[in-house]
Amino acid sequence: AMLAGVTRDNDRAASRLAGVRQALAAARIALPAARVAERRYALAAARDGLRCLMQVASPPTALVCGNDILALGALRECQARTLDVPGQISIVGFDDLAPARQARPALTTIRVPTTAMGEAAVDYLLAVLAGGSPAAVEIPFKLVIRASTGPAPLD
Numbered sequence: 201a202m203l204a205g206v207t208r209d210n211d212r213a214a215s216r217l218a219g220v221r222q223a224l225a226a227a228r229i230a231l232p233a234a235r236v237a238e239r240r241y242a243l244a245a246a247r248d249g250l251r252c253l254m255q256v257a258s259p260p261t262a263l264v265c266g267n268d269i270l271a272l273g274a275l276r277e278c279q280a281r282t283l284d285v286p287g288q289i290s291i292v293g294f295d296d297l298a299p300a301r302q303a304r305p306a307l308t309t310i311r312v313p314t315t316a317m318g319e320a321a322v323d324y325l326l327a328v329l330a331g332g333s334p335a336a337v338e339i340p341f342k343l344v345i346r347a348s349t350g351p352a353p354l355d
């Protein structure tokens with residue numbers, strides 16, 4: 201399942217949702233609309249999103265979140281429901297915020313090199329101001345595996 205940021209008027213959230221769909225499609229895994237909950241950037245909203253995603257006949261065993269705040273809220277809701285993370289459900293965030301490292305269990309997340317992104321943005325802007333038309337730059341990211349993910353349950 202996917203707990204996404206609100207994609208309406210939010211290019212970043214929309215891009216992340218599209219990226220997850222694309223990666224799953226490449227692995228021949230569908231992500232039906234019923235398995236996606238869009239919520240605002242808040243812990244309480246994320247908890248509500250997880251509650252909605254778990255109200256199906258076959259609840260998800262893995263949850264990809266559009267940012268670490270959504271993932272941390274989902275983790276809190278799992279703890280409130282006594283769902284074992286990662287035994288019953290794995291949770292992945294995005295951004296590698298400091299609270300992701302401090303959560304229990306520590307949150308698996310995607311680390312985005314913000315310094316490199318900022319430098320590339322400044323270089324791009326300076327080139328445009330100088331009359332150039334620079335090419336887009338691809339900035340690599342890193343999956344940081346921590347304790348919130350594990351093998352799928354056997355049930």
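If you use this note's numbering, the sequence shown closes out at 355, no skipped numbers anywhere.
From the three backbone atoms N, C-alpha and C, an ideal C-beta is built for every residue, glycine too.
(request) Name, in chain order, the residues that DSSP records as bridge partners for G205. (result) As a working note, residue 205 is residue 5 in the sequence shown. Paired residues: R239.
(message) Nearest by alpha-carbon distance to Q302: which of R240, A347, T261 and A237 is it?
(response) Locating residue 302 in the sequence shown gives position 102, where the first residue counts as 1. Among R240, A347, T261 and A237, the Cα nearest to that of Q302 is on A347.
(message) So if DSSP puts S290 in a beta bridge, which residue, or which two residues, is it bridged to?
(response) Indexing the sequence shown from 1 puts residue 290 at position 90. For S290, which the question treats as bridged, DSSP gives the partners A262.
(message) Is the beta carbon of A233 closer than 8 Å to that of A274?
(response) By one-based count along the sequence shown, residue 274 stands at place 74. By one-based count along the sequence shown, residue 233 stands at place 33. Taking 8 Å as the Cβ cut-off, A274 and A233 do not qualify as a contacting pair.
(message) Let me confirm a value: T308 is counted as buried when at least 16 other C-beta atoms fall within 10 Å, else exposed. Which label applies?
(response) Here residue 308 is taken as the residue at index 108 of the sequence shown, counted from 1. Buried, since its Cβ has 16 or more Cβ neighbours within 10 Å.
(message) Between the alpha carbons of G271 and P313, how many angstroms are there, rounded?
(response) Indexing the sequence shown from 1 puts residue 271 at position 71. Indexing the sequence shown from 1 puts residue 313 at position 113. The sequence shown places Ala at residue 271, rather than the Gly named in the question. If I take the Cα positions, the gap works out to 19 Å.
(request) Have a look at L217, L329, L297 and A244 and flag the residue whose alpha-carbon is nearest the alpha-carbon of L263. (result) On the sequence shown, position 63 is the one that residue 263 refers to. For the residues L217, L329, L297 and A244, the minimum Cα distance to L263 belongs to L217.
(request) Give me the Cα-Cα distance between V285 and R239, rounded to the nearest whole angstrom. (result) Counting from 1 along the sequence shown, the entry for residue 285 is found at position 85. Counting from 1 along the sequence shown, the entry for residue 239 is found at position 39. Approximately 21 Å between the Cα atoms of the pair.
(request) Return yes when at least one heavy atom of the ligand SAM lies under 7 Å from the C-beta of Q279, else no. (result) With respect to small molecules bound, the structure shown includes none, and the ligand SAM cannot be examined in it.
(request) May I ask you to list the residues that DSSP assigns as paired with R311? (result) Reading the sequence shown from its first residue, position 111 is the one you call residue 311. Paired residues: D295 and K342.
(message) Taking the straight line between their C-alpha atoms, what separation do you get for E338 and G219?
(response) On the sequence shown, position 138 is the one that residue 338 refers to. On the sequence shown, position 19 is the one that residue 219 refers to. C-alpha separation (whole angstroms): 14 Å.
(request) Just mark G287 as buried or exposed, buried being the case when its beta carbon has 16 or more other beta carbons within 10 Å. (result) Here residue 287 is taken as the residue at index 87 of the sequence shown, counted from 1. It is exposed - the Cβ of G287 has fewer than 16 other Cβ atoms within 10 Å.
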